[in-house]
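Numbering (the numbering used here), first residue to last: 3 to 259.
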Amino acid sequence: ATIDFSGTSAVLPTNLNANRAIVTAAVLYVLRTMIGEPIPLNEGVLAPVDIVIPESLLAPPRFDDPNDCAAVVGGNVETSQRIVDVLLGALSLSAASQGTMNNFLFGNESFGYYETICGGAGATASAPGTDAVHTHMTNTRITDPEVLEQRYPVRVREFSIRSQSGGAGFHGGGDGVNREIEFLSPLTVSLLTQRREFPPYGLSGGGPGKCGENSLYRANGESTILRGCDQVTVEPGDRICIRTPGGGGYGAPDRDD
């Protein structure tokens with residue numbers, strides 16, 4: 003089998019680049035999902051697979067400013083998701099899942115906290131997408147609200163399923179979640195999230211899932227829609243609500259089987 007990434011966009015002066023290790027791991031993950039039994043995870047598994055990666059992606063150009071140099075941290079947690087969705091879609095195995103880890107970080111000089119947030123899974127020909135789950139590379143657990151509130155100066159205001167965020171279809175996409183955190187002391191918040199402008203796509207006539215959204219609500223009543231990748235300083239009483247993407251649907255909603 004040949005997996006050819008020719009035509010992929012050039013390296014970016016950001017952290018969303020994926021090197022050979024990331025691309026190979028994502029390809030291997032997809033191939034393993036196609037096999038109905040456990041197989042060894044070793045180099046021999048890839049012997050019959052030819053992965054074509056443009057040389058321009060493996061030898062990033064040099065930039066004058068170190069701040070503009072290509073990095074891969076986002077490629078590991080975000081771009082890897084897009085690779086998986088593209089391959090599963092090309093093979094007609096699954097509509098796109100949420101496609102992001104929804105990386106959410108906050109802290110100050112004395113501590114740092116980092117979590118990833120679940121969303122909607124893409125539907126398949128045989129089943130609807132699952133609500134509020136981690137998919138693919140986002141296979142992590144989230145801190146219990148009681149533990150989070152005890153250890154850090156925050157309060158969990160809401161953690162609920164984002165109804166109707168999954169794409170329509172004969173099999174609907176899974177719903178994302180709403181996660182709202184209130185801050186009880188001055189902190190710095192960082193977000194590394196995707197699928198805020200381009201929604202997870204459906205397959206075979208299925209509709210796309212809803213885009214994610216990051217909202218900041220100030221204690222004085224002001225509100226702002228944050229960028230997918232953003233950093234802000236918050237004060238006591240401020241809140242951030244992260245609405246994660248839904249998965250794409252599979253098959254036309256009115257299909258008659």
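By construction, the Cβ of each residue, glycine as well, lies at the ideal position given by its N, Cα and C atoms.
Remember, predicted model here, so these are calculated numbers, not experimental data.
With the rule of 3 Cβ pairs closer than 8 Å, the region 243-254 counts as touching the region 185-202. In this chain, VAL51 is not harboured by any beta strand (DSSP E), its DSSP state being neither H nor E. Shortest Cα-Cα distance from LEU228 to any of SER206, LEU205, LEU193, LYS212 involves LEU193. The region 35-43 makes no contact with the region 14-26, as fewer than three CB pairs between them are under 8 Å.
In the pairwise beta carbon analysis, the region 131-146 is classified as touching the region 95-112: at least three pairs are separated by under 8 Å. Straight across, the Cα-Cα distance linking SER165 with PHE106 is about 21 Å. DSSP, read as helix, strand or coil, puts GLY169 in coil.
For SER11, the secondary structure class from DSSP, reduced to helix, strand or coil, is coil. The criterion of a C-beta distance shorter than 7 Å is not satisfied by LEU218 and ILE183. Scanning LEU48, THR16, ALA127 for the CA closest to the CA of VAL74 turns up THR16. For GLU160, no alpha helix (DSSP H) segment is defined; the enclosing uninterrupted segment is the beta strand (DSSP E) at 156-164.
Counting only the Cα atoms, GLY230 lies some 7 Å from ASN216. Runs of the alpha helix (DSSP H) lying entirely within the region 123-157, each at least 4 residues long, are 147-153 in chain order. In the structure shown, VAL179 adopts extended strand secondary structure according to DSSP, grouped into three states.
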